[in-house]
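Chemist: Please read through the structure below; I'll follow up with questions.
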Amino acid sequence: MLLFLSVPQPRPPGARTRAGAARAARRRRQRLRLRRLRGLLRGLQGRPGAGSRRRGRMALCGQAAGAASLPSELIVHIFSFLPAPDRLRASASCSHWRECLFYPALWPQLRICLRVSPAEQPRLEFLMRKCGWFVRELRVEFAAENYLSGGGGPGDGGGADPGTGGEEVEAVQLSTRWLEVLRTYLELVLCVLVSIRNNRNLQKFSLFGDISILQQQGNLSNTYLSKVDPDGKKIKQIQQLFEEILSNSRQLKWLSCGFMLEIVTPTSLSSLSNSIANTMEHLSLLDNNIPGNSTLITAVELERFVNLRSLALDFCDFTAEMARVLTDNNHVPLQRLSLLVHNVSVMHKSLDNMPNDEHWKALSRKSTSLRVYIMAFDIKSEDMLKILKPSIPLERIHFDSYITCVSGAIVDLISRQYDKFLTHFILMNDVIDTSGFPDLSDNRNEDPLVLLAWRCTKLSLLAIHGYTVWAHNLIAIARLRGSDLKVLEVTEESIDFDQGELADQDVDPVHNLIEQVSLGLGQPWHAVMDIESLSVFTEPNRHFYREMQSFSEDI
10 MLLFLSVPQP RPPGARTRAG AARAARRRRQ RLRLRRLRGL LRGLQGRPGA GSRRRGRMAL
70 CGQAAGAASL PSELIVHIFS FLPAPDRLRA SASCSHWREC LFYPALWPQL RICLRVSPAE
130 QPRLEFLMRK CGWFVRELRV EFAAENYLSG GGGPGDGGGA DPGTGGEEVE AVQLSTRWLE
190 VLRTYLELVL CVLVSIRNNR NLQKFSLFGD ISILQQQGNL SNTYLSKVDP DGKKIKQIQQ
250 LFEEILSNSR QLKWLSCGFM LEIVTPTSLS SLSNSIANTM EHLSLLDNNI PGNSTLITAV
310 ELERFVNLRS LALDFCDFTA EMARVLTDNN HVPLQRLSLL VHNVSVMHKS LDNMPNDEHW
370 KALSRKSTSL RVYIMAFDIK SEDMLKILKP SIPLERIHFD SYITCVSGAI VDLISRQYDK
430 FLTHFILMND VIDTSGFPDL SDNRNEDPLV LLAWRCTKLS LLAIHGYTVW AHNLIAIARL
490 RGSDLKVLEV TEESIDFDQG ELADQDVDPV HNLIEQVSLG LGQPWHAVMD IESLSVFTEP
550 NRHFYREMQS FSEDI
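Numbering (the working numbering), first residue to last: 10 to 564.
Structure below.
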């Protein structure tokens, strides 16, 4: 057999194949593109000192290739991949980029957290003027931080008697700060409402204002508010603007207003058209400043909201008649219900009209996925025993106390009745005297918190402050729930040790506690050293409102 091999002849030096020539041409084009791109980047960065060399490199096509020469569509497309802070920084390149920054497609939602400060007003006016007329989801939180603290140090009273004159000076300073906060608050609210009054694309509208915490110091509406707005014109203007926004809406599906001062009235929801009310999916009206027996929504008004899947109300406003309306066949099954139980409401309103156990059974039959979130502010144990019906599908409960402490019997009742549903349990007590926290395990064979961890198999969050938690019980809780307990927050001052643990010289009780709890949870753990770092303690209203929002969105 003969095998013929074709041996290529060597080419002369410098000769190139067609493929090699094509590769060389591609390299030249790539180098050219890279040079153009580098020039464009240098122009965007605006490096000082580049001078004519930079301009020469950028003028590859006979004209400048800077930021201003890019088409608006390309700039908007680039912005769409950037988070909001980076968009703002990029818009500082030139006026053309700043104009593209507020293209409606880039801002479908706007979430703003504002300090109640005069310095915020110009920035808010600019932002709302640019985005207020087209934004589809708007969430605004007003935070009046540090306005409850005193206006000065101990020496601010001058030569006045610290028992008389000093207190009067401090009261005057605090009163002046309150007036300034309220005046600024009204201006900021007006700015937001005026900018969206004609927005027909608004789908989600959420307002939160922790300004209502001032009510804890007295009847705010009749004192400071009357000084800031003596004839009530601004309050009436705010209420009219809010109703105008509701009447002009065409796509609104989410309406949430929590702890806002004098904005929602019992007649506000009547401004909504029937078509919008029929398509509303979430409604949240939380305000404990409504006088007497007035409510923000009635059972008759609730009949229009046939598509409601999530509802948040004051517990005293959620009546048995409302529960009956929600179980009607023409209503879709309610899936999330958040209830605020406030001592102010309980004092002025009656609990006689609240749903009984049969109503809760009917609601659960209507919707097997219904879950309830309860926030209780300074509620007496006897009132909680009336509220906690056995058939409530309670998933989250948050106790916040200033005067009235939660009893061990209440914790034991919760662990027995809601063992199939409970996932979040928060127990906060804002006591001044930290030397004697209440002990829930007094006169009991077993600690109620340990029983809670044992019975509630779905428990994933446990936060405690202001109640005595024994170290060995904390270890037992960690071992019972293990890695399923995702969050275990206990403040250092709430933890106590047995005398036997403290007497053992060979073992450091604190180190042993941290080690045993970490082993039980399957992750590193330590006690909360700074209580001020816990938002659930420092800002309970805001924490509840944000948790309620995420609780309602998680459907």
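All C-beta atoms in this analysis are idealised placements derived from N, C-alpha and C, irrespective of residue type, glycine included. Here the structure is a predicted model, which means the values were calculated and not measured.
Between which two residues does the alpha helix (DSSP H) harbouring residue 146 extend?
Modeler: Here residue 146 is taken as the residue at index 137 of the sequence shown, counted from 1. Run containing residue 146: none in the alpha helix (DSSP H); it sits in the beta strand (DSSP E), 146-152.
Chemist: Over the uninterrupted alpha helix (DSSP H) stretch that includes residue 417, give me the two end residues.
Modeler: For the purposes of this step, residue 417 is taken as residue 408 along the sequence shown, with counting starting at 1. Segment 417-426, the alpha helix (DSSP H) holding residue 417.
Chemist: Under the rule that 16 or more other beta-carbon atoms within 10 Å means buried, what is residue 234, buried or exposed?
Modeler: In the sequence shown, residue 234 corresponds to position 225, counting from 1. Classification for residue 234: buried.
Chemist: Does the pairing of the stretch 285-298 with the stretch 343-363 give three or more beta-carbon distances under 8 Å?
Modeler: Taking 8 Å as the limit for Cβ pairs, the verdict is that the stretch 343-363 does touch the stretch 285-298.
Chemist: Which whole-angstrom value is the C-beta distance of residue 147 and residue 119, which I expect to be below 8 Å?
Modeler: As a first step, residue 147 must be located in the sequence shown, where it is residue number 138. As a first step, residue 119 must be located in the sequence shown, where it is residue number 110. The Cβ separation is near 5 Å, so the contact holds.
Chemist: Assign residue 5 to one of three DSSP states: helix, strand, or coil.
Modeler: The requested residue 5 is not part of the displayed model; the chain covers only 10 to 564.
Chemist: Would you mind sorting residue 559 into buried or exposed? The rule is 16 or more other CB atoms within 10 Å of its CB.
Modeler: The sequence position of residue 559 within the sequence shown is 550, counting from 1. Looking at its Cβ environment, which holds fewer than 16 other Cβ atoms inside 10 Å, residue 559 is exposed.
Chemist: Since residue 266 is in the beta strand (DSSP E), which residue starts that stretch and which ends it?
Modeler: Here the question's residue 266 lines up with position 257 in the sequence shown. Start and end: 263-267.
Chemist: Looking at C-alpha atoms only, which residue of 288, 270, 465, 132 is the closest neighbour of residue 264?
Modeler: Here the question's residue 264 lines up with position 255 in the sequence shown. The shortest Cα separation from residue 264 among 288, 270, 465, 132 belongs to 288.
Chemist: I need the straight-line Cα distance from residue 102 to residue 93, nearest angstrom please.
Modeler: Indexing the sequence shown from 1 puts residue 102 at position 93. Indexing the sequence shown from 1 puts residue 93 at position 84. Looking at the two C-alpha atoms, the distance is approximately 15 Å.
Chemist: For residue 320 and residue 356, what's the separation of their Cα atoms in angstroms?
Modeler: The residue given as residue 320 occupies position 311 in the sequence shown. The residue given as residue 356 occupies position 347 in the sequence shown. Taking the straight line from one Cα to the other gives about 23 Å.
Chemist: Does the beta-carbon of residue 86 have 16 or more other beta-carbons within 10 angstroms, so that it is buried, or is it exposed?
Modeler: Position 77 of the sequence shown holds residue 86. With fewer than 16 Cβ atoms within 10 Å of its Cβ, residue 86 is classed as exposed.
Chemist: So residue 494 and residue 528 are supposed to be a Cβ contact under 8 Å. How far apart are they, rounded?
Modeler: Taking the first residue of the sequence shown as position 1, residue 494 is located at position 485. Taking the first residue of the sequence shown as position 1, residue 528 is located at position 519. No, residue 494 and residue 528 are not in contact; Cβ-Cβ is about 13 Å, not under 8 Å.
Chemist: Assess, as a yes-or-no matter, whether the stretch 412-429 is touched by the stretch 370-389 under the definition of 3 or more beta carbon pairs within less than 8 Å.
Modeler: Touching, yes, given that three or more Cβ pairs across the two stretches are closer than 8 Å.
Chemist: If you follow the alpha helix (DSSP H) that residue 368 is part of, which residue opens it and which one closes it?
Modeler: To locate residue 368, count along the sequence shown from 1; it is residue 359. Where residue 368 is concerned, the enclosing alpha helix (DSSP H) stretches over 366-375.
Chemist: Quick one: Cα of residue 314 to Cα of residue 276, how far?
Modeler: The residue you call residue 314 lines up with position 305 of the sequence shown. The residue you call residue 276 lines up with position 267 of the sequence shown. Between residue 314 and residue 276, the C-alpha separation is close to 15 Å.
Chemist: Going straight from the alpha carbon of residue 114 to that of residue 367, what length do you get?
Modeler: Here residue 114 corresponds to residue number 105 of the sequence shown, with the count starting at 1. Here residue 367 corresponds to residue number 358 of the sequence shown, with the count starting at 1. Rounded to whole angstroms, residue 114 to residue 367 spans 49 Å at the Cα level.
Chemist: Need the endpoints of the alpha helix (DSSP H) that residue 235 sits in, please.
Modeler: For the purposes of this step, residue 235 is taken as residue 226 along the sequence shown, with counting starting at 1. Start and end: 233-237.
Chemist: Nearest by alpha-carbon distance to residue 256: which of 238, 266, 291, 211 is it?
Modeler: For the purposes of this step, residue 256 is taken as residue 247 along the sequence shown, with counting starting at 1. Among 238, 266, 291, 211, the Cα nearest to that of residue 256 belongs to 211.
Chemist: Going by Cα to Cα distance, which pick from 278, 193, 219, 258 is closest to residue 237?
Modeler: Counted from its first residue, the sequence shown places residue 237 at position 228. Ranking the options by Cα distance to residue 237, first place goes to 193.
Chemist: Where does the unbroken beta strand (DSSP E) through residue 319 begin, and where does it stop?
Modeler: Start at 1 with the first residue of the sequence shown, and residue 319 comes out as number 310. Note, residue 319: beta strand (DSSP E), 319-323.
Chemist: With 16 as the cutoff for other CB atoms within 10 Å, does residue 465 come out buried or exposed?
Modeler: Position 456 of the sequence shown, counted from the first residue, corresponds to residue 465. Label assigned to residue 465: buried.
Chemist: Pull up the distance between the alpha-carbon of residue 251 and that of residue 273, whole angstroms please.
Modeler: Translated into positions along the sequence shown, residue 251 becomes position 242. Translated into positions along the sequence shown, residue 273 becomes position 264. In a straight line, the C-alpha of residue 251 is about 8 Å away from that of residue 273.
Chemist: Between the C-alpha atoms of residue 225 and residue 219, what's the straight-line distance to the nearest angstrom?
Modeler: Your numbering for residue 225 matches position 216 in the sequence shown. Your numbering for residue 219 matches position 210 in the sequence shown. At residue 225 the pLDDT is 43, less than 50, meaning the model places this residue with poor confidence; the figure from the coordinates comes in the next sentence. Each residue's Cα considered, the two are about 12 Å apart.
Chemist: Measuring only the C-alpha atoms, how far is residue 208 from residue 563?
Modeler: The residue you call residue 208 lines up with position 199 of the sequence shown. The residue you call residue 563 lines up with position 554 of the sequence shown. Going by the C-alpha atoms only, they are around 27 Å apart.
Chemist: DSSP beta-bridge partners for residue 118?
Modeler: Within the sequence shown, numbered from 1, the residue matching residue 118 stands at position 109. The partner list for residue 118 (beta bridge, DSSP) reads 146.
Chemist: Once DSSP output is grouped into helix, strand and coil, what is the label at residue 473?
Modeler: Translated into the one-based positions of the sequence shown, residue 473 becomes position 464. DSSP places residue 473 in strand when its eight states are reduced to three.
Chemist: Give the secondary structure of residue 213 by DSSP, where H, G and I count as helix, E and B as strand, and everything else as coil.
Modeler: Looking up residue 213 in the sequence shown gives position 204. Residue state, collapsed to three classes: strand.
Chemist: Please report the Cβ distance between residue 206 and residue 254, rounded to the nearest whole angstrom; I am assuming they are in contact, meaning their Cβ atoms lie under 8 Å.
Modeler: As a working note, residue 206 is residue 197 in the sequence shown. As a working note, residue 254 is residue 245 in the sequence shown. Their Cβ separation, rounded to whole angstroms, is 6 Å, which keeps residue 206 and residue 254 in contact under 8 Å.
Chemist: Can you give me the C-alpha to C-alpha distance between residue 67 and residue 80, rounded to a whole angstrom?
Modeler: Walking along the sequence shown from the start, residue 67 turns up at place 58. Walking along the sequence shown from the start, residue 80 turns up at place 71. Unreliable placement is indicated for residue 67, whose pLDDT of 39 sits below 50; the coordinate value is still reported in the next sentence. Distance between the alpha carbons of residue 67 and residue 80: 17 Å.
Chemist: Taking DSSP's pairing of strands, which residues face residue 499 in a bridge?
Modeler: Taking the first residue of the sequence shown as position 1, residue 499 is located at position 490. BP columns for residue 499 point to 473.
Chemist: DSSP three-state label for residue 306, please.
Modeler: Locating residue 306 in the sequence shown gives position 297, counting from the first residue. Note: residue 306 maps to coil in three-state DSSP.
Chemist: Short of 7 Å in beta carbon distance, which residues of its chain neighbour residue 500, apart from the five on each side in sequence? Order them along the chain.
Modeler: Mapped onto the sequence shown, residue 500 falls at position 491. Excluding positions up to five away in sequence, the list reads 474, 536, 537, 540.
Chemist: Would DSSP call residue 505 helix, strand or coil?
Modeler: Position 496 of the sequence shown holds residue 505. The answer is strand: DSSP assigns residue 505 an E or B state.
Chemist: Given residue 567, which residues of its chain have a CB within under 6 Å of its CB, disregarding the five upstream and five downstream residues?
Modeler: Within the shown structure, residues of the chain are numbered from 10 to 564, placing residue 567 beyond reach of any answer.
Chemist: Name the one or two DSSP bridge partners that residue 545 has.
Modeler: The count along the sequence shown starts at 1 and reaches residue 545 at position 536. Note: residue 545 sits in no beta bridge, so no partner.
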